[in-house]
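Read the structure below first, then the notes.
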Amino acid sequence: MAYHMVHGVKQLGTVWADGPAYITQCPIQPGQNFIYNFTFTGQRGTLLWHAHTSWLRATLHGAIVILPKRGTPYPFPTPDEEKTVILAEWWKSDVEAVVNQSVQSGLPPNVSDAHTINGHAGPVPGCSSQGGYTLHVESGKTYLLRIINAALNDDLFFKIAGHNLTVVEVDASYTKPFQTDTIFISPGQTTNAILTANRGIGKYLIAASPFMDAPVGFDNLTSIASLRYKGTPANPKAFLTSIPPQNATPVTNTFMDALRSLNSKQYPANVPLTIDHSLFFTIAVGVNPCATCVNGSKLVAAFNNVSFVMPTIALLQAYYYNTKGVYTLDFPANPPIPFNYTGNSTANMQTTNGTRLYRLGYNSTVQIVLQGTAIIAPESHPTHLHGFNFFVVGKGIGNFDPKKDPKTFNLVDPVERNTISVPTGGWTAIRFRADNPGIWFLHCHLEVHTTWGLKMAFLVENGKGPNETVRPPPADLPTC
Numbered sequence: 037m038a039y040h041m042v043h044g045v046k047q048l049g050t051v052w053a054d055g056p057a058y059i060t061q062c063p064i065q066p067g068q069n070f071i072y073n074f075t076f077t078g079q080r081g082t083l084l085w086h087a088h089t090s091w092l093r094a095t096l097h098g099a100i101v102i103l104p105k106r107g108t109p110y111p112f113p114t115p116d117e118e119k120t121v122i123l124a125e126w127w128k129s130d131v132e133a134v135v136n137q138s139v140q141s142g143l144p145p146n147v148s149d150a151h152t153i154n155g156h157a158g159p160v161p162g163c164s165s166q167g168g169y170t171l172h173v174e175s176g177k178t179y180l181l182r183i184i185n186a187a188l189n190d191d192l193f194f195k196i197a198g199h200n201l202t203v204v205e206v207d208a209s210y211t212k213p214f215q216t217d218t219i220f221i222s223p224g225q226t227t228n229a230i231l232t233a234n235r236g237i238g239k240y241l242i243a244a245s246p247f248m249d250a251p252v253g254f255d256n257l258t259s260i261a262s263l264r265y266k267g268t269p270a271n272p273k274a275f276l277t278s279i280p281p282q283n284a285t286p287v288t289n290t291f292m293d294a295l296r297s298l299n300s301k302q303y304p305a306n307v308p309l310t311i312d313h314s315l316f317f318t319i320a321v322g323v324n325p326c327a328t329c330v331n332g333s334k335l336v337a338a339f340n341n342v343s344f345v346m347p348t349i350a351l352l353q354a355y356y357y358n359t360k361g362v363y364t365l366d367f368p369a370n371p372p373i374p375f376n377y378t379g380n381s382t383a384n385m386q387t388t389n390g391t392r393l394y395r396l397g398y399n400s401t402v403q404i405v406l407q408g409t410a411i412i413a414p415e416s417h418p419t420h421l422h423g424f425n426f427f428v429v430g431k432g433i434g435n436f437d438p439k440k441d442p443k444t445f446n447l448v449d450p451v452e453r454n455t456i457s458v459p460t461g462g463w464t465a466i467r468f469r470a471d472n473p474g475i476w477f478l479h480c481h482l483e484v485h486t487t488w489g490l491k492m493a494f495l496v497e498n499g500k501g502p503n504e505t506v507r508p509p510p511a512d513l514p515t516c
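Residue numbers (the working numbering): 37 to 516.
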């Protein structure tokens, strides 16, 4: 089964083209085809497409580049050239075998064997492309790097020896420009940055290295590429770069704190100031009984103690045709039992199971506080919302304080994204307007956690007119 999803596209009026398996459509079976018909409305920048079933996006992914309308300039100096840089993971084994073995055993999956930059692993013994990817530049020119993290399970740092980068966009939303020598990017995120080729001729190493500040297994290998100036002789000595420590939380915080929406007259930050739905979602990894698993138990993950159970037909089809018994509309707005979320792990690590959705009225405003927990181990969770961008109005370490923390929210120029990394042992608050009817997926973009159940869906009701209503499904929509 294989099909694609266009990550970060708002799909205004085209929810049937969103793509995730059993959410908006049934999978495309071998020998079948389906045309994804949609329009980029009010978006420009860098996004990605990828498979959205099992772990197939490990190799089935690519870039989406949306140029500004003809005659509309960038809100920053026009670069001389543009380059796409896709960061990813690579396994020696078939990734389907990796995930299937994990599901059957109830244990964590094997980590990847390498990270890649534009498909090249860099210094991996026995690999046919040991030289790695080369980014060719000319002295004095500027380059817009469209950087994409297509990895399945790893947050990454991106760095070029001897060069600073000016960040101008994330997740296809313009930002106030700022300089950095290190990009922090989570799975599913994109970052556009200006590179100025202002060094002497030579070969400068590029590094994509993992970030992990939790006691869990991960691929700790660094992928190496090179930036090569025109006129550099053959076999030059390389200028090295120092990569951040793997647990460099201060580096990630500095990068994320610097992100601000452009918030100009042409590109305003329309942050919802009043809230109709105030939601508090805990994020946790747990353990449930499993008679057939190795230790009699299996690892699971949940929002608000609900491990999501995928249906056998698409949720959107069930909603559109009013098919009963596929899902319920009782996803909890808060955790069932409050506790010290980031304190010592609780004795009960079990979760409930269900295909439970949360209902939102059309055009209602939503705030979600995503609260990390210390159950088993605290760790970072890049969380992705389909169908919408959201504003990241606040974040912090420890337990969210509903009385004190909202006073610190940025409601003027918060960064606008579709995927946000919830900090280890902390929380993130996001806001959006539910102005797109349909069924929309919210999930961790670490594929291992999605597999374990860290996902849910919103049902956004129809509005009043035809432009505020889910349209009929296309004739070639796959069936289950």
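Ideal placement from N, C-alpha and C gives every residue a C-beta, glycine not left out.
Per DSSP, which one or two residues make a beta bridge with M492?
L478
What do you reckon, are the CB atoms on P371 and N340 nearer than 7 Å?
yes
Between the region 390–407 and the region 315–329, do three or more beta carbon pairs fall short of 8 Å?
yes
Would you grab the beta carbon distance between F344 and M248 for me? Rounded to a whole angstrom, and I think it's under 8 Å.
Their Cβ separation, rounded to whole angstroms, is 25 Å, which puts F344 and M248 out of contact at 8 Å.
Bounding residues of the alpha helix (DSSP H) (the contiguous stretch that carries F291)
285–294
For P272 and G238, which I take to be in contact (beta-carbon distance under 8 Å), what is that distance rounded to the nearest angstrom?
6 Å
Identify the residues that DSSP records as bridge partners of R392: which are they?
T364
For L103, count the other beta carbons within 10 Å of its own beta carbon; 16 or more makes it buried, fewer makes it exposed. Which is it?
exposed
Please tell me whether C62 and P442 are closer than 7 Å, where the distance is taken between their beta carbons.
no
May I ask which residues mark the beginning and end of the alpha helix (DSSP H) holding S262?
It is not in any alpha helix (DSSP H) - S262 instead sits in the beta strand (DSSP E) that spans 259–265.
Buried or exposed: T277, going by 16 or more other Cβ atoms within 10 Å of its Cβ?
buried
Check for me: the alpha helix (DSSP H) holding Y355 runs from which residue to which?
351–356
DSSP three-state assignment for P246, whether helix, strand or coil:
strand
Considering Cα atoms alone, identify which of K105, P56, Q79 is closest to R93.
P56
State the Cα-Cα distance for the pair Q137 and E483, rounded to the nearest angstrom.
15 Å
If you run the structure through DSSP and keep just helix, strand and coil, what is S416?
coil
In three-state terms, what does DSSP make of Q140?
helix
Say yes only if the C-beta of A270 is nearer than 6 Å to one or more non-hydrogen atoms of the ligand ATP, and no if none qualify.
Among the components modelled here there is no ligand, and therefore nothing to report on the ligand ATP.
Quick check: P347 and Y58, are their CB atoms within less than 7 Å of each other?
yes
Would you list, in sequence order, the uninterrupted beta strand (DSSP E) runs of no fewer than 3 residues that lie entirely inside the region 313–352?
313–325, 333–339, 342–344
To the nearest whole angstrom, what separates the beta carbons of I183 and A229, a pair I think is in contact under 8 Å?
7 Å
Under the three-state DSSP convention, the category T120 falls into:
strand
Between the region 465–479 and the region 497–505, can you find at least three pairs of beta-carbon atoms closer than 8 Å?
yes
Assess contact between the region 502–509 and the region 420–440, defined as three or more Cβ pairs (one per stretch) separated by less than 8 Å. Is contact present?
no
Please state the DSSP three-state secondary structure of N185.
strand
Tell me the residue span of the beta strand (DSSP E) that contains V204.
201–206
Which residue or residues does DSSP assign as beta-bridge partners of N228?
R182, E205
Taking the alpha-carbon positions, what's the K119 to K360 distance?
49 Å
Report the rounded CA-to-CA distance for N446 versus C516, giving the unit in angstroms.
44 Å
Look at V134 and P144 and say whether their C-beta atoms are less than 7 Å apart.
no
Per DSSP, what are the beta-bridge partners of V529 in this structure?
Coverage of the chain is limited to positions 37 through 516, which leaves residue 529 absent and any answer about it impossible.
Can you have a look at G253 and say buried or exposed, based on whether 16 or more other CB atoms are within 10 angstroms of its CB?
exposed
Neighbour-count burial assignment, I411, 16 or more Cβ in a 10 Å radius:
buried
For S297, is the classification buried or exposed, using 16 other Cβ atoms within 10 angstroms of its Cβ as the cut-off for buried?
buried
What does D191 pair with, by DSSP beta-bridge criteria?
F247
For L84 versus I100, is the C-beta distance shorter than 7 Å?
yes
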